[in-house]
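Residue numbers (the numbering used here): 23 to 100.
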């Protein structure tokens, strides 16, 4: 009985994890599209949302740094 509940709980957690991973991927895709459209601030907002779900994700942190660096360079040159 207890093992069955543990198994169900693990299954539920796995499902939530899969949903969150898909949300993170969607936010990163949206961020990339917004960036390509020249909407840098909105792009960074999407990454920030994804970082709330997974704060230590190195790929998200690197992408945010990349966008911020390019944004700074663009604003410096204009």
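Backbone N, C-alpha and C fix where the C-beta goes; we use that ideal spot for every residue, glycine too.
Judged by their CB atoms, residue 42 and residue 75 are nearer to each other than the 7 Å cut-off. A buried status is given to residue 86, since no fewer than 16 other beta-carbon atoms sit within 10 Å of its beta-carbon. Counting along the chain, residue 70 sits inside the alpha helix (DSSP H) bounded by residues 62-75. In this structure, the alpha-carbon of residue 88 lies about 12 Å from that of residue 80.
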